[in-house]
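Inspection log for the structure reproduced underneath, given as structure tokens.
Number of protein chains: 2
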Amino acid sequence: MSECGSSNPVLVEILRGALVESSHTGAIAVADARGRLMLALGDVKHPVYPRSAVKAMQGLPLLESGAADAFALSEAELAVACASHSGDRVHLDTVGSLLAKAGLDDSYLACGAHWPVSEAATRELLRAGQRPRAIHNNCSGKHAGMLATAKHLGLDPRGYEQPDHPVQLMIARIISEICGNALDRARMGIDGCSVPTFALPLAALARGFARLGSGEGLPFERTLAARRLLHACFAEPLHVAGEGRFDTIVLRTLAPSCFTNGGAEGVHCASLPELGLGIALKIDDGAKRAAELVMSELLAALLPEAQHMLADQLGGEMQNWKGIVVGRVAPSEALRRAVAPLMTPSILS
Amino acid sequence: MSECGSSNPVLVEILRGALVESSHTGAIAVADARGRLMLALGDVKHPVYPRSAVKAMQGLPLLESGAADAFALSEAELAVACASHSGDRVHLDTVGSLLAKAGLDDSYLACGAHWPVSEAATRELLRAGQRPRAIHNNCSGKHAGMLATAKHLGLDPRGYEQPDHPVQLMIARIISEICGNALDRARMGIDGCSVPTFALPLAALARGFARLGSGEGLPFERTLAARRLLHACFAEPLHVAGEGRFDTIVLRTLAPSCFTNGGAEGVHCASLPELGLGIALKIDDGAKRAAELVMSELLAALLPEAQHMLADQLGGEMQNWKGIVVGRVAPSEALRRAVAPLMTPSILS
Chain W
24 MSECGSSNPV LVEILRGALV ESSHTGAIAV ADARGRLMLA LGDVKHPVYP RSAVKAMQGL
84 PLLESGAADA FALSEAELAV ACASHSGDRV HLDTVGSLLA KAGLDDSYLA CGAHWPVSEA
144 ATRELLRAGQ RPRAIHNNCS GKHAGMLATA KHLGLDPRGY EQPDHPVQLM IARIISEICG
204 NALDRARMGI DGCSVPTFAL PLAALARGFA RLGSGEGLPF ERTLAARRLL HACFAEPLHV
264 AGEGRFDTIV LRTLAPSCFT NGGAEGVHCA SLPELGLGIA LKIDDGAKRA AELVMSELLA
324 ALLPEAQHML ADQLGGEMQN WKGIVVGRVA PSEALRRAVA PLMTPSILS
Chain R
24 MSECGSSNPV LVEILRGALV ESSHTGAIAV ADARGRLMLA LGDVKHPVYP RSAVKAMQGL
84 PLLESGAADA FALSEAELAV ACASHSGDRV HLDTVGSLLA KAGLDDSYLA CGAHWPVSEA
144 ATRELLRAGQ RPRAIHNNCS GKHAGMLATA KHLGLDPRGY EQPDHPVQLM IARIISEICG
204 NALDRARMGI DGCSVPTFAL PLAALARGFA RLGSGEGLPF ERTLAARRLL HACFAEPLHV
264 AGEGRFDTIV LRTLAPSCFT NGGAEGVHCA SLPELGLGIA LKIDDGAKRA AELVMSELLA
324 ALLPEAQHML ADQLGGEMQN WKGIVVGRVA PSEALRRAVA PLMTPSILS
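Protein sequences appear in the order of chains W and R.
Each residue of the first sequence is one higher than the one before, starting from 24 at the first, in my numbering.
Each residue of the second sequence is one higher than the one before, starting from 24 at the first, in my numbering.
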């Protein structure tokens, strides 16, 4: 047998016919606000770029700086500031209004352009003979929030996305304080939308998400800011992602028990405020299909109502182009065994 | 450390900043027509669904049955019968002409519809307010070949995609003879386009591809059929995939030294006729970005001219939405070490 390729276990299997066609390995951490691990599967100490999964943390300066109040931002605008949005009309309008309230416009966005995540929005652009602009980028709401924060603080908004801009330094400090880990320039990468992304262990991210949701372990003002931000997301689930998207479905059906945010390269995080728990997971190869199935399995174990609400996500049926069922996306034996103890009441004492 | 997740080694790493952000494990077999393994990395005995990677083998009945001659098929039509095409105008026209020569039309196609692989073709459909039809399916050329074969043999073309249809039985027999492995119904799945797909070890697929390219180990008529089919693909590289697609680039730049065909879920196969070698690889999680990089590395080692011709594929630079270089898709240490011996002349004696 060849040298072991991965220290992380297989979490998800793609079944076609009677065989496993493909598989995904990864790691999962479920922690409380003190960092006590309820579940540690795979290497939860290995540094992981959280990418978009920490957007809710990146959005805190918008509140903590006073910008959200100064500009009288709506809940929709706060939600879109934490979003990986689908680029539909509703998202573009809200990002636009956020920028306008800050006396800015979408020409200030440094995130770069890409076709909207939403097929319908892409079709609309194509029918109009247009190409996407920066505002269509799924991160444009986050960037609008960063710009509004800079404007409110009297800072030059240009260059807001650079690692040394005060807004980015503020975000980095907040993430490190919430997660209880120093952020290291040696572990800094540039995100798809050009802002910095700092790698952190899944154990630290899970702790951070536990604190974000319950406020435990956070200074009082941060607890309030986090509560307002999450409440806005619970009130405006469509703004956090879009129709048919995983995070919107979770927010619509499981709020206020659960807040989730997915990130590129197979990262997904969640906050379960009533349980005082945080979840952080990473699929080694970056596959979203696996990250979302794993998150569904975890939520179904921790929240009784999720079993029913996320039935489609848990079902994992694969259909081909004729609608014939050809296989399944299924939790592995290792994942099922790891998740089972989460269902027992004793875990919460 | 957790229980080992994968017996296959890491082949490809995604680097962002100074860290490995994601990684892909998999297995590779490089063999000659006798099945002697030049390279066996990871588990090459494990059954793998080859998916579209065996389209050239699935296309052989079109020639062996006499259908290609009876219908006077052009090289473009033969090439599209082995294609995972991009759905551009040129592909649709050629699939249409193939069907017409067989006295059929695209209403007979059982592959199901999907948006064209080509962005430009998708945009054209959207601008015209149209939805894709079966002919836009990347497998429609393969299906057209199967239909033409059925028609020529006087068989009912309806149900040609079913496992028990004589055309599918013929294909299964041919694949098993070429690869030297019995095809097992227990290892049969249904492909995305609804035809059967039989799982085979990478070692057997590599052997099959060696034979397909050089004719060694094949009955004379099959050698001729394979030669005509590959020659058609060498003559019409655009028809085998499409602009900017990996297999088209390889065929344009490396023919007649190399024929490649990729399949879904991270499978890629190649035939190197002059070297008498075949390659078969599978990325465990199904990622195309990894399969194409691994194939590029193998070709660059085996064919001197590939180092230059596939420079873009080997370079692996990752740019974000602003065009900033944020990372790399790179071969792992294990892959580099495995591939190095392939470059020595002694391998070919």
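Idealized CB from N, CA, C, for every residue including glycine.
Note that the coordinates shown come from a computational prediction; the quantities given were computed from them, not determined experimentally.
Suppose you measure from the CA of residue i to the CA of residue j; what does that come to, to the nearest Å?
i: R/Arg74; j: R/His114; result: 20 angstroms
i: R/Ala361; j: W/His262; result: 48 angstroms
i: W/Cys27; j: R/Ala357; result: Residue placement at W/Cys27 cannot be trusted, given a pLDDT of 48 that sits under 50; what the coordinates show is reported in the next sentence. One C-alpha to the other measures close to 11 angstroms.
i: W/Ala167; j: W/Cys281; result: 25 angstroms
i: R/Ala52; j: R/Arg39; result: 29 angstroms
i: W/Pro219; j: W/Ala54; result: 25 angstroms
i: W/Met24; j: W/His188; result: Residue confidence is low: W/Met24 scores 34 on pLDDT, short of 50, so the model does not pin down where it sits. No coordinate-derived value is stated.
i: W/Asp129; j: R/Ala303; result: 48 angstroms
i: W/Gly177; j: W/Lys311; result: 39 angstroms
i: R/Thr283; j: R/Ala249; result: 14 angstroms
i: R/Ser372; j: W/Gly309; result: Here the model assigns R/Ser372 a pLDDT of 48, short of 50, so the residue's position is not dependable and the matter cannot be decided.
i: R/Pro180; j: R/Ser217; result: 15 angstroms
i: R/Ile201; j: R/Pro296; result: 15 angstroms
i: W/Glu147; j: W/Ala106; result: 21 angstroms
i: W/Ala76; j: W/Gln330; result: 23 angstroms
i: W/Gly89; j: W/Ala95; result: 10 angstroms
i: R/Thr48; j: R/Val290; result: 12 angstroms
i: W/Gly238; j: R/Gly286; result: 49 angstroms
i: W/Ala226; j: W/Met61; result: 10 angstroms
i: W/Pro139; j: R/Gly65; result: 39 angstroms
i: R/Leu101; j: R/Ala144; result: 22 angstroms
i: W/Leu253; j: W/Ala79; result: 8 angstroms
i: R/Leu121; j: R/Arg251; result: 16 angstroms
i: W/Ser199; j: W/His137; result: 30 angstroms
i: R/Ala151; j: W/Arg150; result: 8 angstroms
Classify residue i: buried if its beta carbon has 16 or more other beta carbons within 10 angstroms, exposed otherwise.
i: R/Met366; result: exposed
i: W/Asp116; result: exposed
i: R/His159; result: buried
i: W/Asp375; result: The first residue shown for chain W is 24 and the last is 372, placing residue 375 of chain W beyond what the model contains.
i: W/Ile37; result: buried
i: R/Ala334; result: exposed
i: W/Ile306; result: buried
i: W/Gly267; result: exposed
i: R/Glu184; result: buried
i: W/Ile347; result: exposed
i: W/Arg245; result: buried
So with CB distances below 7 angstroms, who are the chain R contacts of residue i?
i: W/Phe308; result: This sequence places Asp at residue 308 of chain W; Phe is not what is there. Ser45, Ser46, His47, Asp308, Ala310, listed in chain order.
Just the chain R side, please: which residues come within less than 9 angstroms of residue i by C-beta, in chain order?
i: W/Ile347; result: Gly135, Ile213, Ser217
i: W/Gly285; result: Simply none; closest approach about 15 angstroms.
i: W/Gly374; result: Any question about residue 374 of chain W goes unanswered here, given that chain W covers just 24 to 372.
Identify the contact partners of residue i in chain W, using a Cβ-Cβ distance below 8 angstroms as the criterion.
i: R/Leu228; result: Correct list: empty, because the minimum Cβ distance to chain W is about 15 angstroms.
i: R/Asn160; result: Trp344
i: R/Ile37; result: Glu288, Gly309
What do you reckon, are the CB atoms on residue i and residue j nearer than 7 angstroms?
i: W/Ala353; j: W/Gly339; result: yes
i: W/Leu235; j: W/Ser319; result: no
i: R/Met169; j: R/Val190; result: yes
i: W/Leu247; j: W/Cys292; result: no
i: R/Ser46; j: R/Val33; result: yes
i: W/Ala157; j: W/Leu132; result: yes
i: R/Gly164; j: R/Ser141; result: no
i: R/Ile194; j: R/Pro84; result: yes
i: R/Ala233; j: R/Leu300; result: yes
i: R/Lys345; j: W/Gly135; result: yes
i: R/Pro279; j: R/Phe257; result: yes
Residues of chain W with CB under 7 angstroms from residue i, in chain order?
i: R/Leu149; result: Arg146, Leu149, Arg150
List the residues of chain R that residue i touches, going by C-beta distances under 8 angstroms, in chain order.
i: W/Leu42; result: Pro70, Tyr72, Arg210, Gly212, Ala222
Report the neighbours of residue i on chain W: residues whose CB is nearer than 9 angstroms to its CB, in chain order.
i: R/Arg112; result: Neighbours of R/Arg112 on chain W: none; closest Cβ ~17 angstroms, over 9 angstroms.
request  = Anything in the segment 178 to 204 of chain R with a Cβ closer than 7 angstroms to a Cβ of chain W? List those residues in chain order, please.
outcome  = none
key: Under 9 angstroms (Cβ pairs) to chain R, residues found in the segment 253 to 283 of chain W   = none
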